[in-house]
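Per the numbering used here, residue 541 is the first one in the sequence shown, and the count goes up by one each step.
Just below is one structure, and these are the notes that go with it.
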Amino acid sequence: MIQIGIIGAAGFTGKELLKILSYHPEAKVVCATSSVYAGQKISEVFPEFYGTKIQEMIFIDHPKESKDLKGLDIIFTATPDKVSMQFAYLADQANVKMIDIAGAFRLSAEDFEENYSIQHTAKDFLAEAVYGLPEKNRGKIKDANLVANPGCYPTAMILPFIAGESVLKNVQIQQVIAEGKSGTSGAGGRSEKDSLTFSTVNENFRAYKVKRHQHEVEMQSHLPVKAPVRFTPYLLPLFRGILLTSYVVAEHFPESVEKKLQEGMKEFADREPFIVYEPDPNKIEIRNVVRTNFAHLSFYFDKKHHLLIFFSVIDNLLKGAAGNAVQNFNLVYGLPETLALVPDV
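As structure tokens, this is what we get:
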């Protein structure tokens, strides 16, 4: 069994990791950390874990030294960026692999510091960190010691561009305008902010971080085609789920763009275990992917306005975070990519 530590196991993403990995047939959760709930049983904090094999496990405080990681094979860091940067050093010293679900290793140090407004304290590991979007970097992930799990919005935004890469690489794109509509868990970790309380979000819909969202530069950096990106996120009165719309502006699209994109999307979905191509964009709905690791993709080519529109939906806590992290875990250890991520029926 692969010995696992989950750092930050009581946040939204950490809790999803606990659920998935507690029944993963090749994984054993050895420790789960929480700076808030240290000393308490997992099942006391989260009663839904009663009856599971980790119900008696006690949350511990975050390890402070590399020796505290002894016996582990890999850690998942579902923590603030400052904490994950500290753990990169501890994991390296302990010869432990790491899958980071924060944003510390997705960008260059310069881009990170500009967009996250904090100093990057683990620059030594940026060169070896692999951007953990399996549909883009599967081969590199398999050999990685440090995987930078992508952000939820960039995951939803980039996937249709990968599907259409063979067509779009020959298009001179002027701009991509992306809009992401997310449930509240995509805008916060464990501690609730006033802006995310039920009374604030219920029967409401609004934009946030309009001036600059840290995921915009991540989209720009990892998009498989060259194009400037403008991103605006919106907050839905839901707990989980993202619907991402990307408007692709270009002076000219080839006449065959619609047919070739249909073929590209279908081929992409046929070869990728967690991608579904839906030809009708009207059927792209958040509820179709909630509590799954799947991404549903579609597009519409507006001939009148000469505009290409991509649509995608994911569960921000699964394909946008914990589920994708376990997908990466499976790749790192040479396991079936879908293990513990699809119902065994």
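C-beta atoms are modelled at their ideal positions from N, C-alpha and C, and glycine is treated no differently.
Applying the 10 Å Cβ sphere with the 16-neighbour rule, what's the burial state of residue i?
{"i": "Phe-745", "result": "exposed"}
{"i": "Ala-747", "result": "exposed"}
{"i": "Ser-852", "result": "buried"}
{"i": "Gln-626", "result": "buried"}
{"i": "His-792", "result": "exposed"}
{"i": "Asn-833", "result": "buried"}
{"i": "His-845", "result": "exposed"}
{"i": "Tyr-577", "result": "buried"}
{"i": "Tyr-817", "result": "buried"}
{"i": "Tyr-671", "result": "buried"}
{"i": "Glu-812", "result": "buried"}
{"i": "Pro-819", "result": "exposed"}
{"i": "Ala-667", "result": "exposed"}
{"i": "Lys-637", "result": "buried"}
{"i": "Gly-579", "result": "exposed"}
{"i": "Asp-752", "result": "With the sequence shown as reference, residue 752 is identified as Arg, and Asp is not the correct amino acid for it. So Arg-752 counts as exposed."}
{"i": "Gln-867", "result": "buried"}
{"i": "Asn-677", "result": "buried"}
{"i": "Glu-650", "result": "exposed"}
{"i": "Val-885", "result": "Low confidence applies here, because Val-885 scores a pLDDT of 45, under 50, leaving its location unreliable and the question unanswered by this model."}
{"i": "Thr-724", "result": "buried"}
{"i": "Gly-781", "result": "buried"}
{"i": "Phe-869", "result": "buried"}
Check residue i in the structure and name its three-state DSSP category.
{"i": "Leu-775", "result": "strand"}
{"i": "Asp-820", "result": "coil"}
{"i": "Ser-657", "result": "coil"}
{"i": "Ile-639", "result": "strand"}
{"i": "Arg-646", "result": "coil"}
{"i": "Ser-889", "result": "Outside the shown range of the chain, which is 541 to 885, sits residue 889, and nothing can be said about it."}
{"i": "Leu-904", "result": "Outside the shown range of the chain (541 to 885) lies residue 904, about which nothing can therefore be said."}
{"i": "Ala-862", "result": "helix"}
{"i": "Lys-593", "result": "coil"}
{"i": "Glu-719", "result": "strand"}
{"i": "Ala-688", "result": "strand"}
{"i": "Val-569", "result": "strand"}
{"i": "Gln-714", "result": "strand"}
{"i": "Tyr-577", "result": "coil"}
{"i": "Phe-671", "result": "The amino acid at residue 671 is misidentified as Phe; the sequence shows Tyr. Note: Tyr-671 maps to strand in three-state DSSP."}
{"i": "Gln-867", "result": "helix"}
The beta strand (DSSP E) spanning residue i covers which residue range?
{"i": "Tyr-840", "result": "835-842"}
{"i": "Val-788", "result": "782-790"}
{"i": "Ile-681", "result": "From DSSP, Ile-681 is part of no beta strand (DSSP E) but of the alpha helix (DSSP H) over 674-682."}
{"i": "Ile-546", "result": "542-547"}
With residue i as the anchor, note down where its alpha helix (DSSP H) starts and where it stops.
{"i": "Ala-634", "result": "First-last for Ala-634: undefined, no H or E at that position."}
{"i": "Val-585", "result": "582-585"}
{"i": "Ser-706", "result": "705-708"}
{"i": "Phe-851", "result": "Premise fails: Phe-851 lies in the beta strand (DSSP E), 847-854, not in any alpha helix (DSSP H)."}
{"i": "Gly-804", "result": "797-811"}
{"i": "Leu-557", "result": "552-562"}
Kindly confirm or deny that the segment 633-649 and the segment 746-758 touch, where touching means at least three C-beta pairs closer than 8 angstroms. Contact holds: three or more Cβ-Cβ distances are below 8 angstroms.
Which complete alpha helix (DSSP H) runs does the segment 600-633 hold, if anything under 4 residues is left out? Taking only runs of at least 4 residues, the alpha helix (DSSP H) segments lying wholly in the segment 600-633 are 621-633.
Can at least three beta-carbon pairs, one atom from the segment 674-685 and one from the segment 859-876, be found at a separation below 8 angstroms? By the Cβ criterion, the segment 674-685 is in contact with the segment 859-876, since at least three pairs of Cβ atoms, one from each stretch, lie closer than 8 angstroms.
Go through the segment 740-771 residue by residue and report every complete run of the alpha helix (DSSP H) that reaches 4 residues or more, in order. Counting only runs of at least 4 residues, the segment 740-771 fully encloses the following alpha helix (DSSP H) elements, listed from N- to C-terminal order: 754-762.
Are the segment 688-695 and the segment 854-861 in contact at 8 angstroms, needing three or more beta carbon pairs? Touching, yes.
Closer than 8 angstroms is the cut-off here; do at least three beta carbon pairs connect the segment 609-621 with the segment 543-563? Yes, the segment 609-621 is in contact with the segment 543-563.
Cβ contact check for the segment 789-806 and the segment 836-853: 3 or more pairs under 8 angstroms: When Cβ pairs closer than 8 angstroms are counted between the two stretches, the segment 789-806 is seen to touch the segment 836-853, the count reaching three or more.
Do the segment 649-667 and the segment 618-625 make contact, defined as three or more Cβ pairs closer than 8 angstroms? Cβ pair count under 8 angstroms is three or more, so yes.
Taking contact to mean at least 3 C-beta pairs separated by less than 8 angstroms, is the segment 800-811 in contact with the segment 776-788? By the Cβ rule, the segment 800-811 does not count as touching the segment 776-788, because fewer than three pairs are nearer than 8 angstroms.
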